[in-house]
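Chains as they are written, first to last, in full-length UniProt numbering: chain A, 1 to 246; chain B, 1 to 460.
Below is one structure, written out as structure tokens; the observations come after it.
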Amino acid sequence: MTVGLFIPCYVDQFYPNAAIATLELLEKLGVNVVYPSRQTCCGQPMANSGFEHLTKESNNQFIENFRDFDYIVAPSGSCVLHMKEHLHSGKYPNETEAMRGKVYELIEFLTDILKVDKLKARFPHKVGLHQSCHGQRGLKLAQMSELVAPAFSKPEQLLSMVEGLELIELTRKDECCGFGGTFCVAEEAVSVKMGKDRVMDHLQHEAAYITGADMSCLMHMEGILRRQKSSVKVVHIAEILNAQEI
Amino acid sequence: MKETKDHAALAEVFNADEPRVNWHDETLWFIRQKRDKAAHTVADWELLRETASQIKHNVLSNLHDYLLQFEANAKANGIIVHWAADAAEHNRIVHAILQKHKVDRMVKSKSMLTEECHLNEYLEENGIEVIDSDLGERIVQMAKEPPSHIVLPCIHKKKEEIGDLFHEHLGTPAGMADPQVLTEAARQHLRETFLTRRAALTGVNFAVAETGEFVICTNEGNADMGAHLADVHIACMGIEKIIPKREHLGVFLRLLARSATGQPITTYSSHFKKPREGHELHLVLVDNGRSIQLGREDFRNSLKCIRCGACMNTCPVYRRSGGHSYHTAVAGPIGAILAPNLDMKKNADLPFASTLCGSCSNVCPVKIDIHDQLYKWRQVIVKEGYADTKKTLGMKAMTQAFASPATFQLAGKAGRWFMRNVPFAVNNKLNPWYKQREMPAPPKESFGEWYLKNRKKRDE
Numbered sequence: 001m002t003v004g005l006f007i008p009c010y011v012d013q014f015y016p017n018a019a020i021a022t023l024e025l026l027e028k029l030g031v032n033v034v035y036p037s038r039q040t041c042c043g044q045p046m047a048n049s050g051f052e053h054l055t056k057e058s059n060n061q062f063i064e065n066f067r068d069f070d071y072i073v074a075p076s077g078s079c080v081l082h083m084k085e086h087l088h089s090g091k092y093p094n095e096t097e098a099m100r101g102k103v104y105e106l107i108e109f110l111t112d113i114l115k116v117d118k119l120k121a122r123f124p125h126k127v128g129l130h131q132s133c134h135g136q137r138g139l140k141l142a143q144m145s146e147l148v149a150p151a152f153s154k155p156e157q158l159l160s161m162v163e164g165l166e167l168i169e170l171t172r173k174d175e176c177c178g179f180g181g182t183f184c185v186a187e188e189a190v191s192v193k194m195g196k197d198r199v200m201d202h203l204q205h206e207a208a209y210i211t212g213a214d215m216s217c218l219m220h221m222e223g224i225l226r227r228q229k230s231s232v233k234v235v236h237i238a239e240i241l242n243a244q245e246i
Numbered sequence: 001m002k003e004t005k006d007h008a009a010l011a012e013v014f015n016a017d018e019p020r021v022n023w024h025d026e027t028l029w030f031i032r033q034k035r036d037k038a039a040h041t042v043a044d045w046e047l048l049r050e051t052a053s054q055i056k057h058n059v060l061s062n063l064h065d066y067l068l069q070f071e072a073n074a075k076a077n078g079i080i081v082h083w084a085a086d087a088a089e090h091n092r093i094v095h096a097i098l099q100k101h102k103v104d105r106m107v108k109s110k111s112m113l114t115e116e117c118h119l120n121e122y123l124e125e126n127g128i129e130v131i132d133s134d135l136g137e138r139i140v141q142m143a144k145e146p147p148s149h150i151v152l153p154c155i156h157k158k159k160e161e162i163g164d165l166f167h168e169h170l171g172t173p174a175g176m177a178d179p180q181v182l183t184e185a186a187r188q189h190l191r192e193t194f195l196t197r198r199a200a201l202t203g204v205n206f207a208v209a210e211t212g213e214f215v216i217c218t219n220e221g222n223a224d225m226g227a228h229l230a231d232v233h234i235a236c237m238g239i240e241k242i243i244p245k246r247e248h249l250g251v252f253l254r255l256l257a258r259s260a261t262g263q264p265i266t267t268y269s270s271h272f273k274k275p276r277e278g279h280e281l282h283l284v285l286v287d288n289g290r291s292i293q294l295g296r297e298d299f300r301n302s303l304k305c306i307r308c309g310a311c312m313n314t315c316p317v318y319r320r321s322g323g324h325s326y327h328t329a330v331a332g333p334i335g336a337i338l339a340p341n342l343d344m345k346k347n348a349d350l351p352f353a354s355t356l357c358g359s360c361s362n363v364c365p366v367k368i369d370i371h372d373q374l375y376k377w378r379q380v381i382v383k384e385g386y387a388d389t390k391k392t393l394g395m396k397a398m399t400q401a402f403a404s405p406a407t408f409q410l411a412g413k414a415g416r417w418f419m420r421n422v423p424f425a426v427n428n429k430l431n432p433w434y435k436q437r438e439m440p441a442p443p444k445e446s447f448g449e450w451y452l453k454n455r456k457k458r459d460e
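Structure (structure tokens):
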């Protein structure tokens, strides 16, 4: 099995450790991983801003970069959801369907494809899990609090395999953090207020780390934590699942 | 309407008072929690939502036939039926009925349709006084404000502010903010109104095609008080309020109040079928853009809405920006997908007032794909040329940078270098991110660069 590693543009530029952890974790689990170097952006920021018609090039690039792999895996729920819902191409009309079907967010790839049931990881800290909306409500990584349906959580399933990790409870377990792509600058006041409230929920429950499957939400909350001079850190879930802390 | 500020600007004003935002957020979140609790008492809740959605699907697919069936049955019952193509015609019809009966004072129960049509303003310009009898609506009417929520019109007001309004308008003691005292004052005031008005206007929650009757749901009984004491009852409804059969109320009435406030059912679910002896019962069927929306395939399902307000209560943006920031009769996520149909230019900002988190679609009792429609409206609004020029240029520049992997890598490297060495180039007040958030700490090496050093050789 060969997996194409799909790294969101801002993770590539600002959070290389999340990408490295993803790569190392998959390798540890015996997967052959290749990172196609010609990737840039999946086009989501443009599409969510109403400019989906400008994403033709990024769609074609995506297909050219990844069509030969068995699976495409990314440490980001929202980029994966964007590809699953909106990938289309006039240049490769017959390939989009198959491409949409083989794109996976890291967590669901671990639980649903690799069916991971144990991990050699240690992270002895109090951790709060931020459920990113696109991962949770879009990719259904966990049950949504609005629905009358049985509970499940793929990220919690994996975090429970990490030695020493203590997962804290949140008052609002799946409220949006307010990042929202260009929303974070276009609606700055509401975006920041949502972020402050989300961070506060984690602080009140004494999290030392906030983790999640989407670095964009974490980047937003990190910006707020650092402005508040908080000692609480954000860390991508791949970094925890790959952690060997003593 | 002299509205010039967009949602983001109005939301920024709302956020100037953070404790108030916290209070507003907590108040509405409390209602969301009540809704969750009520939904969990119904084992087949998700099936009930699906059933309601399918019934409405059938209605929208056969609206023409159901409307004619309803009209014929309503007429046979003795109801006088009117058709209004738009808000102006609706307002003229209501005015003409009042003129015919020489009525210059009217009592009105909650109707978001009349808010949408700006009926109160129209009638006041024509010398007719309107008193809203829903307590929340009466309060915002005294404050000369529009409702900020379709179910809870004055949810943005604290009880002390309501006390001040009642002191000014109803003569309650200054500083009195006890809800029980204030409610009693409102009750006395409205009782006098009910007893003296000869015409009453109400909204409609459901109109049953097979029987020609309509149903109004209230908690205060104010629609009934108005309609039963007046000689003339005028009921106004959007054409999408039709349901095929009376038995379908068994689905919708179970969903409506649970979704709206967490109650099992509204205190009053009143059926109106025919006028009393010597009285007149009018019904105005209003289109006002609905058939255009019906023709928009991507947005048709928005007409399934039963106006429960659950999407507002759950919306993290609505809770932190307030209903008035949406500058339209119906606020929140549902308003943001309905309003662009009525005036795309004026409401071009609303589909962007969302993070697309999807909570709205999950609470919707008729399963409208609200957040997907927000995404689709964004595409339409940009294509129709209503996006601002700065944003268009920014998006085009971004697309250019991403089009070539070499440009992207170079721009990324340069950007990170700048952030490390000339931090004030990005850490300044021109950068909205930096206003209340730190920028990410730029690493020396991108993942791409790391990979080239640490893995690439193995692949080749």
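Even glycine gets a Cβ: it sits at the ideal position worked out from N, Cα and C.
Note that this is a predicted model, so its numbers are computed, not measured.
Selection from the options that minimises the alpha carbon distance to residue i
i, options, result
"His169 of chain B", "B:Pro146, B:Phe194 and B:Gln141", "B:Gln141"
"Gln263 of chain B", "B:Asn22, B:Arg35 and B:Phe194", "B:Arg35"
"Ala224 of chain A", "B:Ile216, B:Arg437 and B:Thr261", "The sequence as given places Ile at residue 224 of chain A; Ala does not occur at that position. Of the candidates B:Ile216, B:Arg437 and B:Thr261, the one whose C-alpha sits nearest the C-alpha of Ile224 of chain A is B:Arg437."
"Lys383 of chain B", "A:Leu218, A:Glu52, A:Val185 and A:Pro36", "A:Glu52"
"Val204 of chain B", "B:Glu220, B:Ala235, B:Ala84 and B:Met398", "B:Ala235"
"Gly101 of chain A", "A:Arg226, A:Lys56, A:His220 and A:Ile63", "A:Ile63"
"Leu28 of chain B", "B:Ala88, B:Thr314 and B:Leu47", "B:Thr314"
Nearest-angstrom beta carbon gap, residue j and residue i [assumed within contact, 8 Å]
i, j, result
"Asn222 of chain B", "Ser133 of chain B", "4 Å"
"Pro75 of chain A", "Val11 of chain A", "7 Å"
"Glu239 of chain A", "Ala21 of chain A", "4 Å"
"Ile139 of chain B", "Ile162 of chain B", "6 Å"
"Gly309 of chain B", "Ala260 of chain B", "6 Å"
"Lys273 of chain B", "Asn77 of chain B", "5 Å"
"Lys391 of chain B", "Ser49 of chain A", "7 Å"
is_contact[residue i, chain B] using C-beta, thresh 7 Å
i, result
"Leu110 of chain A", "no"
"Met83 of chain A", "no"
"Tyr71 of chain A", "no"
"Thr40 of chain A", "yes"
"Leu159 of chain A", "no"
"Gly4 of chain A", "no"
"Cys133 of chain A", "yes"
"Asp12 of chain A", "yes"
Contact set for residue i: own chain, Cβ-Cβ below 6 Å, skip 5 residues either direction
i, result
"Cys133 of chain A", "Cys176"
"Ala209 of chain B", "Tyr66, Gln69, Phe70, Ile242 and Pro244"
"His101 of chain B", "Val232"
"Met1 of chain B", "In this prediction, Met1 of chain B scores a pLDDT of 44, lower than 50, which makes its location untrustworthy; no coordinate-derived value is stated."
"Phe6 of chain A", "Ile72 and Ala74"
"His282 of chain B", "Ile80, Ile97 and Ile234"
"Gln39 of chain A", "Asn65"
For residue i: DSSP bridge partner residues
i, result
"residue 474 of chain B", "In the structure as shown, chain B begins at 1 and stops at 460. Residue 474 of chain B is therefore absent and cannot be evaluated."
"Glu166 of chain A", "A:Lys126"
"Ile243 of chain B", "B:Val208"
"Ala235 of chain B", "B:Thr202 and B:Leu283"
Interface residues of chain C facing residue i [CB-CB closer than 7 Å]
i, result
"Pro432 of chain B", "Among the protein chains in the structure shown, which are A and B, there is no chain C."
7 Å Cβ cutoff, residue i in contact with chain A
i, result
"Asn362 of chain B", "yes"
"Glu184 of chain B", "no"
"Glu460 of chain B", "Because the pLDDT at Glu460 of chain B is just 48, under 50, the model does not fix this residue reliably, and the value given afterwards should be weighed accordingly. Judged by the 7 Å Cβ criterion, Glu460 of chain B is not in contact with chain A."
"Ala403 of chain B", "yes"
"Ala411 of chain B", "no"
"Asp46 of chain B", "The question names Asp, but residue 46 of chain B in the sequence shown is Glu. So, interface residue."
"Tyr318 of chain B", "no"
"Arg378 of chain B", "yes"
"Trp417 of chain B", "no"
"Gly448 of chain B", "yes"
"Ser270 of chain B", "no"
"Ala11 of chain B", "yes"
"Asn347 of chain B", "no"
"Met344 of chain B", "no"
"Tyr386 of chain B", "no"
"Glu382 of chain B", "At residue 382 of chain B the sequence reads Val, which differs from the Glu that was named. Interface residue, yes."
Cutoff 7 Å; reference residue i; Cβ partners in own chain excluding five residues on either side
i, result
"Trp377 of chain B", "Ile337, Pro340 and Pro351"
"Ala207 of chain A", "Lys126, Val127, Gly128, Ile168 and Val232"
Same chain only: Cβ atoms within 8 Å of residue i, ignoring 5 sequence neighbours per side
i, result
"Ser446 of chain B", "Gln409, Gly412, Lys413 and Arg416"
"Arg300 of chain B", "Leu60, Gln293 and Leu294"
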